[in-house]
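Student: Let me begin by handing over the structure; questions about it come next.
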Amino acid sequence: MDIDSKSIKIIKAKYWKNGWIDSSKRNLSDSDAEHLSIHHWNLGSAKLSHDQIIGDVVSKSRNVSLKECAALLSQSLSTRKVQDRSFISSVAQAVNMPNHSHTENGPCPICGLYKESEIDQDVLLFEKLMWGGVRLTQIEYVWFDLKLMNRNNLQEANCEDLIHLVMDFEKRNDKLSASKFAASLKEVKGNKSEREILCSILGVCSILQHPEHTGFLMQYWPANERQLPNQHFIDLAWPYCWYNSSFGINKNALETLTNK
Ligand SMILES: [Zn+2]
Numbered sequence: 087m088d089i090d091s092k093s094i095k096i097i098k099a100k101y102w103k104n105g106w107i108d109s110s111k112r113n114l115s116d117s118d119a120e121h122l123s124i125h126h127w128n129l130g131s132a133k134l135s136h137d138q139i140i141g142d143v144v145s146k147s148r149n150v151s152l153k154e155c156a157a158l159l160s161q162s163l164s165t166r167k168v169q170d171r172s173f174i175s176s177v178a179q180a181v182n183m184p185n186h187s188h189t190e191n192g193p194c195p196i197c198g199l200y201k202e203s204e205i206d207q208d209v210l211l212f213e214k215l216m217w218g219g220v221r222l223t224q225i226e227y228v229w230f231d232l233k234l235m236n237r238n239n240l241q242e243a244n245c246e247d248l249i250h251l252v253m254d255f256e257k258r259n260d261k262l263s264a265s266k267f268a269a270s271l272k273e274v275k276g277n278k279s280e281r282e283i284l285c286s287i288l289g290v291c292s293i294l295q296h297p298e299h300t301g302f303l304m305q306y307w308p309a310n311e312r313q314l315p316n317q318h319f320i321d322l323a324w325p326y327c328w329y330n331s332s333f334g335i336n337k338n339a340l341e342t343l344t345n346k
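Just so you know, the sequence shown maps onto residues 87 to 346 in my numbering.
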């Protein structure tokens, strides 16, 4: 995804200083606001109906190559361009999501959206630039990610770094919980949150999965069927929150994603 380094710096500084900056204090200087505006990164909020969002997600995900998205993830491992990582998990969900309508009150049983949504695109962009995305399985984020893909130069589909990383997981004999496994990945450049998001992306793509809580590569899991573990506090995305390193890797998923 093409974004200039100054825009990244401005966006990160708007939201984060040793923690989230209070919403009342997220002010930009005139020159920073102008810079974002010139580079079209002042995204604002988008008001859309459920059916518009789903229509966009379905249409934009068709004809996208999973292998090219896998290559972007792969290349991000050495460049630490975390913003390139989640396209693969967004596309994996979108291609299997049924086109559907929801006009009733309450959340949609399939995707979890209400009939009308106001999407804060700036905060989604910040989370994507900071950690590689956070709300990976929320359909608003999938919509946003697919929208950014149009501005993305998909590169030569080389997935070697990703294959190498994941195949090395196979050699381990540990039995670590999802959060401990992510924290143990010292071979991945970056901080704890970046590693957790990376693992969560691999979980959505079915590479790291619990046998009973599989990812989205072969089927779309309706929002109302995503059971959460019985823990007080869960900060990992579904279904990676269920993972344990004793389950190893799903080689078929890795092959499917890196060959298509
Ligand atoms: Zn829905």
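Positions of the beta carbon are idealized from the N, C-alpha and C atoms, including for glycine. Here the structure is a predicted model, which means the values were calculated and not measured.
Am I right that SER176 and ASP88 are in contact with their C-beta atoms under 8 Å? What's the rounded C-beta distance?
Tutor: Position 90 of the sequence shown, counted from the start, is the residue given in the question as residue 176. Position 2 of the sequence shown, counted from the start, is the residue given in the question as residue 88. Incorrect: roughly 17 Å between the Cβ atoms, too far for contact.
Student: Do you know offhand how far LEU322's Cα is from GLU120's?
Tutor: Start at 1 with the first residue of the sequence shown, and residue 322 comes out as number 236. Start at 1 with the first residue of the sequence shown, and residue 120 comes out as number 34. Between LEU322 and GLU120, the C-alpha separation is close to 36 Å.
Student: Among the residues of its own chain, which have a CB less than 8 Å from the CB of LEU215, if the five just before and after it don't count?
Tutor: For the purposes of this step, residue 215 is taken as the residue at position 129 of the sequence shown. ILE89, ILE94, ILE97, LYS98, VAL168 and GLN169, listed in sequence order.
Student: Go through the residues and name those whose CB comes closer than 6 Å to any heavy atom of ligand 1, in chain order.
Tutor: Here the residues come out as HIS136, ILE140, HIS186, HIS188, CYS194, ILE196, CYS197 and LEU199.
Student: Can you tell which of LYS100, LYS201, ILE196 and ALA243 has its C-alpha closest to the C-alpha of LEU157?
Tutor: Numbered from its first residue, the sequence shown carries residue 157 at position 71. One point to set straight first is that residue 157 is Ala, not Leu, in the sequence displayed. With distances taken between Cα atoms, ALA157 lies closest to ALA243.
Student: Could you check how far apart the C-beta atoms of ILE225 and PRO308 are, in whole angstroms? I think they sit under 8 Å.
Tutor: Here the question's residue 225 lines up with position 139 in the sequence shown. Here the question's residue 308 lines up with position 222 in the sequence shown. About 11 Å separates the two Cβ atoms, so there is no contact after all.
Student: For a test of the three-state rule: what should DSSP assign to HIS188, helix, strand or coil?
Tutor: The residue you call residue 188 lines up with position 102 of the sequence shown. The answer is coil: DSSP assigns HIS188 none of H, G, I, E or B.
Student: Which class does ILE205 belong to by DSSP, given the choice of helix, strand or coil?
Tutor: For the purposes of this step, residue 205 is taken as residue 119 along the sequence shown, with counting starting at 1. DSSP places ILE205 in strand when its eight states are reduced to three.
Student: Is LEU158 close to ligand 3? I mean its beta-carbon at under 7 Å from any heavy atom of the ligand.
Tutor: With respect to small molecules bound, the structure shown includes ligand 1 and not ligand 3.
Student: If you check the beta carbons only, do CYS245 and THR344 fall under 8 Å apart?
Tutor: Along the sequence shown, one-based indexing puts residue 245 at 159. Along the sequence shown, one-based indexing puts residue 344 at 258. Yes, they are a contact pair.
Student: Hey, how far is the Cα of GLY141 from the Cα of LEU314?
Tutor: For the purposes of this step, residue 141 is taken as the residue at position 55 of the sequence shown. For the purposes of this step, residue 314 is taken as the residue at position 228 of the sequence shown. Approximately 28 Å, taken between the alpha carbons.
Student: Alpha carbon to alpha carbon, how far is PHE212 from ASN259? Give it in angstroms, no decimals.
Tutor: The residue you call residue 259 lines up with position 173 of the sequence shown. The residue you call residue 212 lines up with position 126 of the sequence shown. Computed Cα separation, rounded: 36 Å.
Student: So, do the segment 146 to 160 and the segment 194 to 209 have three or more beta carbon pairs nearer to each other than 8 Å?
Tutor: Judged by Cβ distances under 8 Å, the segment 146 to 160 makes no contact with the segment 194 to 209, as fewer than three pairs qualify.
Student: Among PHE173, ARG171, GLY289 and HIS125, which has the Cα closest to the Cα of ALA339?
Tutor: Walking along the sequence shown from the start, residue 339 turns up at place 253. With distances taken between Cα atoms, ALA339 lies closest to GLY289.
Student: Is the CB-CB distance between ILE283 and VAL220 below 8 Å?
Tutor: Sequence index remark: in the sequence shown, residue 283 carries index 197 (1-based). Sequence index remark: in the sequence shown, residue 220 carries index 134 (1-based). Yes.
Student: Can you grab the Cα-Cα spacing for the pair GLN179 / GLY130, in whole Å?
Tutor: Translated into the one-based positions of the sequence shown, residue 179 becomes position 93. Translated into the one-based positions of the sequence shown, residue 130 becomes position 44. Cα to Cα, the separation comes out at about 25 Å.
Student: Taking 8 Å as the threshold (C-beta atoms), are LEU303 and LYS292 in contact?
Tutor: As a working mapping, residue 292 is identified with position 206 in the sequence shown. As a working mapping, residue 303 is identified with position 217 in the sequence shown. The amino acid at residue 292 is misidentified as Lys; the sequence shows Ser. Contact flag set, yes.
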